[in-house]
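Engineer: Below is one structure. I have some questions about it.
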Amino acid sequence: MNQAHADANRCYIRHFARKRTCTQAELVDVSEKLMVFRWESEEGDWQTYSLPFMTVPDCAPVEGGIQTVGDCRRVMVEMAKYAAGELGEELELPDMAQFAKGKGKGGGSTGKPITPRGNVRTLFDGSGGGGGG
Numbered sequence: 003m004n005q006a007h008a009d010a011n012r013c014y015i016r017h018f019a020r021k022r023t024c025t026q027a028e029l030v031d032v033s034e035k036l037m038v039f040r041w042e043s044e045e046g047d048w049q050t051y052s053l054p055f056m057t058v059p060d061c062a063p064v065e066g067g068i069q070t071v072g073d074c075r076r077v078m079v080e081m082a083k084y085a086a087g088e089l090g091e092e093l094e095l096p097d098m099a100q101f102a103k104g105k106g107k108g109g110g111s112t113g114k115p116i117t118p119r120g121n122v123r124t125l126f127d128g129s130g131g132g133g134g135g
């Protein structure tokens with residue numbers, strides 16, 4: 003996510019957090035309610051920012067939080083596209099219609115749950131602090 007979508011991470015911070023001096027941002031944690039980013043300013047200072055999952059364009063928190071990985075992906079793409087548009091930037095992001103039809107990467111077609119490997123964190127395993135400011 004961080005390497006493939008560095009531009010989207012910057013847009014989240016520059017628009018939603020109103021931190022226009024953001025030069026780079028990394029997604030460091032995700033929960034059912036928010037994303038936590040670590041971001042760098044033009045001065046080289048690193049800070050943390052917690053961004054709630056939001057519906058766009060009204061920017062209201064997602065009611066009930068994120069329940070599935072698919073919901074997470076959809077909301078993150080919608081938020082990134084909205085932020086980029088508001089900033090006058092272009093992002094290359096997946097067409098969410100391909101995921102709705104089962105043609106995107108991930109998920110699998112067996113109907114069996116995917117078990118995370120290594121230190122991959124799930125939305126509900128509680129391993130993240132979700133802190134930040």
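In terms of my numbering, the sequence shown opens at residue 3 and continues consecutively.
Every residue gets a Cβ at the ideal spot worked out from N, C-alpha and C, and that includes glycine.
Am I right that R16 and V30 are in contact with their C-beta atoms under 8 angstroms? What's the rounded C-beta distance?
Structural biologist: As a working mapping, residue 16 is identified with position 14 in the sequence shown. As a working mapping, residue 30 is identified with position 28 in the sequence shown. Not confirmed; about 17 angstroms, so no contact.
Engineer: Should A6 be labelled buried (16 or more other beta-carbon atoms within 10 Å of its own) or exposed?
Structural biologist: Translated into positions along the sequence shown, residue 6 becomes position 4. Exposed is the call here.
Engineer: Y51 lies in the beta strand (DSSP E); which residues open and close that run?
Structural biologist: Walking along the sequence shown from the start, residue 51 turns up at place 49. Element bounds for Y51: W48 to P54.
Engineer: So for E28, helix, strand or coil by DSSP?
Structural biologist: In the sequence shown, counting from the first residue as 1, residue 28 sits at position 26. Strand at E28.
Engineer: Identify whether L36 lies in helix, strand or coil by the three-state DSSP scheme.
Structural biologist: Position 34 of the sequence shown, counted from the start, is the residue given in the question as residue 36. DSSP places L36 in strand when its eight states are reduced to three.
Engineer: Would you kindly work out how many angstroms separate the C-alpha atoms of E2 and E42, rounded to a whole number?
Structural biologist: For the chain, the structure presents residues 3 to 135; residue 2 sits outside this window and is missing.
Engineer: Confirm, please, whether the CB-CB distance from L93 to C13 is below 8 angstroms.
Structural biologist: Within the sequence shown, the letter at position 11 stands for residue 13. Within the sequence shown, the letter at position 91 stands for residue 93. Yes, these two residues count as a Cβ contact at 8 angstroms.
Engineer: Need the endpoints of the alpha helix (DSSP H) that A10 sits in, please.
Structural biologist: Stepping through the sequence shown from its first residue, residue 10 is reached at position 8. Unbroken alpha helix (DSSP H) run through A10: A8 to C13.
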